[in-house]
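The block underneath contains the structure these notes are about, expressed in structure tokens.
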Amino acid sequence: MIKSKDPKMTTPILRMDNISKRFGGVQALKNVSFDVFPKDVLGIIGPNGSGKTTIVNCITGFIKPTSGNVFFKGRDITGRPPHKIADMGVTRTFQVMRPYYSLPAYKNLVIPLFSPRAKRTGGWGGGGNLGNRQTIAIDILEDIGFERDSYIPFKKTSTLPTGYLKRLELARCLALKPEIIICDEVFSGLSMSEIASMVPLIERLQDEGITIIMIEHRLRELFQVANRVMVLNFGEKLIEGNPVDVMADKQVKEAYFGSEEVEEVMTYA
Amino acid sequence: MSWRELSYLTLPRFILIAGMLSLPFLVPGMYWQRVISIVCIYAILALSFDFLAHYVGLVSLGGAFFIGTGGYIAGILNSYFSVPPFLTVPLAAIIGGVVCTLLLLPCLPLKGVYFAIVTLMYPLFMARIIEAFNIFGGTDGLVGIDSFSSSFAEQYFVICMVLIFLFGLRRFVTTDRGLIFTAIMDNDQAVRASGINITRYKALAVFIASSMGCMAGACLTHIYMWSGISQFALDFSILPIAATVIGGSGSLVGPILGCLILVPVSELLRDFGTLRIVFYALILVGFILFKSGGIMEFGQRKYEQFERWTKI
Amino acid sequence: MEILVYGTINSVSLALMGLGFAMIYGISRVPNFAHGALYIICGFVTWTLFYKLGLPYFLAIILSLGVNGILGMLMYRFILIRVRGMNISEIIASYAIGLAILESLRYGGFRGMNYTLPVFMEGSLMIGNVPVDFHRLIMMVTGILLVAGLWVFTHHTRIGLALQGMAQDERAALMLGIDSDFMAMLAMGFGAVLAGVAATLILPLGNIVVESGYSVLIMSIAVCIVGGLGSWMGAFFAAFIIGYAQILTVVFIGSHFQMVVALLAIILTLILKPSGLFGHQKELEERV
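Chains as they are written, first to last, in the working numbering: chain A, 1 to 269; chain B, 1001 to 1312; chain C, 2001 to 2288.
See below:
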């Protein structure tokens, strides 16, 4: 199902302007520019090593780009510290998951609830007062799909299966009431049924007004939710646009499958 | 809950509190009573080390820095400004805490190694600077400082401080806010991605630990009625670490146990001069290599096994 | 002119001190807080071999360098290897060993100002209008040759390249068949030998005092932080910066400020550019 973006929204909520990043001798990103519009679901795809996670790190402040700028709602946020960027509403998940393994699951969420942004945007139930953080944490978990009235939120995080952990990562972002969530390979490591239950969650988040950027390898699932797709290869942007058009593009096929006998390889629908 | 279960849970704590509070009565002679005070001072320092190292992930190799700073501030307040002891101690704790935190601030955003290095060096620097510039009494130190009103007051004050800090810290690290420290230690990228300024929390932790240390230093000044360069000595840096490792790192009670063992032993070994330090260092290494959980971990395991005894 | 000469001498001696620490950290990522102890113990061993046992001076030096190397390797093999990777314990363990060595030397009777080592060559010559004794000249030349030699070694020999590989990316080096523990042991032995070389060159200029073990540790760490933890070329340049700064303050302000300069250098570096001059910005660019 491909959602069309609202034709009235023409000011980008996030703009990347000629971002380049060098790590010593390696050029990880080269003049990457793109715009993200509010309520978009943008997919960033590309072979391994094409710089996808580096882009996320540049946007969210974990890495300073060598050159170029990142604009969020018109403000230049290039190179600002990660916690300030999260404070503005740009959140991310981690490809290598980073929950607090030794704590019970719901306590993972108590921590973001201490951030200034959580205090500003009010508790999950609205209003300015946060109240009991632990209750709010459990509410968030229920919202995101942990079964109600079960013992799962109280289990030690290291014992949870991957599907729950991925949702926990998303929940960590949601606790901040974000405007943008950048999901770094949130479908990876999940079984087919787990992914099938994640897709409605992502759609629901989009309906609630959150802009989502997804870095993914699982293209079929990605195309169920994304309305725009951008392809990176060796740190450069190859093409961006509608998923169908992008996958039909010859350069993209070469990037994924190599340049020989490209016509014989199946394309994704 | 049955009496048995209740006592199983609370008995160790009662024994600890009752034991510590009755120490001044159990111990013979002025000399050993002073040792109790010294044990408590080291215990406060060791508590602060354990808190920083195992709940926040910052290894402080220079407890002497806190003791010396607190000690000198108390000494200066008392000797130049005639502030009485019951005021100098809290003042030294707070002012010292602020000073130490500011001085340690540059290395907080960085990897743990830097914190260790800087804390290692500060006491050595301070000692040399005071010596070289001959300020604050130079090598002779500040003399003629008031002491506590009585020897009981002195001992009970420090014993109560130890107990307050122990239970206070234990409570604090289990609260939600205390969780943030553990999170920072586990996974600081995730904490930053959650919109929290890590440096601020680390600074808070350092402030707490350094205030504790400075308070201990201030007490030390008043106990010996003197404040001098030896307050920056290596003893204060290494003994808390040894006590923590031996007693059980991470448990917050372990450091106190460790001090209760090591300080009297060190008094007994006083004749051996600096060989004491060799002794602590070797025991420290031994424990790190072989029994890194310390006595508390061993003790806790045994205690839990004890609960499961059934009569056949 | 004086400043130039004394500055260079001071800088080279700082560089010599810092090299050992930089090498060990650079290759095995173990901060060797026993560095100062290794420095002093080499001096004392040389002294004992030379004065007590009457061995020829150069033989004493070679033997004590060997002892240092073995000591370093043993330290790694038996103690540090067990705490490898646990940052807190590594630091505490190496610090404790250093303390144990230094304080037992102090206890064992090496107190006071009586212990000296003879200089390599008596006499002096004039550079410009500054008298420079031969030993200091030898130290300078040896120091510079050593750094140059190290550069060649790490860039052009197999073992040197292996060590560099380990310094840059340990896992990759492991996959290529380079045994990380063995290399770390070699690195520690090598670093200990470098500490000994520094001791051999510098100690004859003064007395052997246990206190200087701590000073050397502080100076080496200062040099390594300013140069960037992990880069021995950085340490070399940092030594020059700190060395000249120290001499300048001695000339213009007063001679007590040497320590303060080192401290300020560290704090400034941590505030302005934490990774030092040539350091790898690992803490900022950790791959997430």
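C-beta: ideal position from N, C-alpha, C; glycine also.
Going by C-alpha distance, which of the options is nearest residue i?
| i | options | result |
| --- | --- | --- |
| Met1212 (chain B) | B:Gly1019, B:Gly1096, B:Val1027, B:Leu1087 | B:Gly1096 |
| Ile202 (chain A) | A:Phe37, A:Ser193, A:Ile212 | A:Ile212 |
| Gly2054 (chain C) | C:Ala2184, C:Leu2117, C:Gly2020, C:Asp2179 | C:Leu2117 |
| Gly1019 (chain B) | B:Leu1260, B:Lys1291, B:Asn1078 | B:Leu1260 |
| Ala118 (chain A) | A:Gly74, A:Ala175, A:Phe62, A:Asp139 | A:Ala175 |
| Met2017 (chain C) | C:Ser2028, C:Ile2027, C:Tyr2039 | C:Tyr2039 |
| Met1121 (chain B) | B:Leu1103, B:Ile1135, B:Leu1011 | B:Leu1103 |
| Thr162 (chain A) | A:Lys73, A:Phe34, A:Met192, A:Gly51 | A:Met192 |
| Glu169 (chain A) | B:Gln1155, B:Ser1194, B:Arg1177, B:Leu1006 | B:Ser1194 |
| Pro112 (chain A) | B:Gly1294, B:Arg1270, B:Leu1124, B:Ile1180 | B:Ile1180 |
Taking DSSP as the reference, what is the three-state secondary structure of residue i?
| i | result |
| --- | --- |
| Asp2181 (chain C) | helix |
| Gln27 (chain A) | strand |
| Phe1066 (chain B) | helix |
| Ile181 (chain A) | strand |
| Val2130 (chain C) | strand |
| Asn2207 (chain C) | strand |
| Ser20 (chain A) | strand |
| Ile210 (chain A) | coil |
| Val1027 (chain B) | coil |
| Val231 (chain A) | strand |
| Leu1058 (chain B) | coil |
| Leu14 (chain A) | strand |
| Ile144 (chain A) | helix |
| Lys237 (chain A) | strand |
| Val244 (chain A) | helix |
| Gly128 (chain A) | Its pLDDT being 43, under 50, Gly128 (chain A) is placed unreliably by the model, and nothing is read from it. |
| Thr2116 (chain C) | strand |
| Ser1048 (chain B) | helix |
| Ser1082 (chain B) | coil |
| Ile2041 (chain C) | helix |
Once the 5 residues before and after residue i are set aside, which same chain residues still bring their CB inside 8 Å of it?
| i | result |
| --- | --- |
| Phe1306 (chain B) | none |
| Phe2134 (chain C) | Val2119, Phe2120, Met2121, Glu2122, Gly2123, Ser2124, Leu2125 |
| Ile1277 (chain B) | Leu1234, Asp1235, Ile1238 |
| Ile2061 (chain C) | Thr2046, Thr2200 |
| Tyr1114 (chain B) | Cys1107 |
| Gln95 (chain A) | Thr53, Asp184, Glu185, Ser188, Ile215 |
| Pro1084 (chain B) | Asn1078, Asp1146 |
Under 9 Å, Cβ to Cβ, is there at least one residue of chain B near residue i?
| i | result |
| --- | --- |
| Tyr2107 (chain C) | yes |
| Pro116 (chain A) | yes |
| Arg133 (chain A) | yes |
| Val2083 (chain C) | yes |
| Asn129 (chain A) | With a pLDDT of 49 at Asn129 (chain A), under the threshold of 50, the predicted position of this residue should be treated as unreliable, and no value is reported. |
| Val70 (chain A) | no |
| Val2193 (chain C) | no |
| His83 (chain A) | yes |
| Ile2027 (chain C) | no |
| Ser2064 (chain C) | no |
| Val186 (chain A) | no |
| Lys107 (chain A) | yes |
| Arg172 (chain A) | yes |
Among the residues of its own chain, which have a CB less than 7 Å from the CB of residue i, if the five just before and after it don't count?
| i | result |
| --- | --- |
| Met2001 (chain C) | Gly2128, Asn2129, Val2130 |
| Glu2286 (chain C) | Legend: pLDDT at Glu2286 (chain C) = 38, less than 50; position of this residue unreliable, value from coordinates given subsequently. None. |
| Thr1221 (chain B) | Gly1071, Ala1074, Gly1075, Ile1145, Ser1227 |
| Val225 (chain A) | Val41, Val199, Ile202, Glu203 |
| Gly2026 (chain C) | Ala2167, Gly2230, Ser2231, Trp2232 |
| Val1099 (chain B) | Thr1069 |
| Ala1043 (chain B) | Val1162, Pro1255, Ile1256, Cys1259 |
| Val1317 (chain B) | Lying outside 1001 to 1312, the shown extent of chain B, residue 1317 (chain B) is not represented and no answer is given. |
Can you confirm whether residue i, when its beta carbon is compared against all beta carbons of chain A, has any partner nearer than 9 Å?
| i | result |
| --- | --- |
| Ala1190 (chain B) | yes |
| Ile1196 (chain B) | yes |
| Leu1026 (chain B) | no |
For residue i, which residues of its own chain have a beta-carbon under 6 Å away from its beta-carbon, when the five flanking residues on both sides are left out?
| i | result |
| --- | --- |
| Leu2174 (chain C) | Ser2180 |
Strictly under 9 Å for the Cβ-Cβ distance: is residue i near chain C by that measure?
| i | result |
| --- | --- |
| Ser1292 (chain B) | yes |
Inset, instruction - Only counting runs of 3 or more residues, tell me where the beta strand (DSSP E) segments fall wholly within the stretch 26-61 of chain A, in order along the chain. - result: You should have 26-36, 41-45.
Inset, instruction - Jot down the residue ranges of each uninterrupted beta strand (DSSP E) in the stretch 68-115 of chain A, minimum 3 residues, whole runs only, in chain order. - result: You should have 90-92.
Inset, instruction - Quick one: which unbroken alpha helix (DSSP H) runs of 4-plus residues sit fully inside the stretch 2194-2278 of chain C? Chain order, please. - result: You should have 2211-2227, 2232-2252, 2258-2272.
Legend entry - Unbroken stretches of the alpha helix (DSSP H), 4 residues or longer, contained in the stretch 1162-1234 of chain B: Here the runs fully enclosed are 1176-1186, 1188-1193, 1198-1224.
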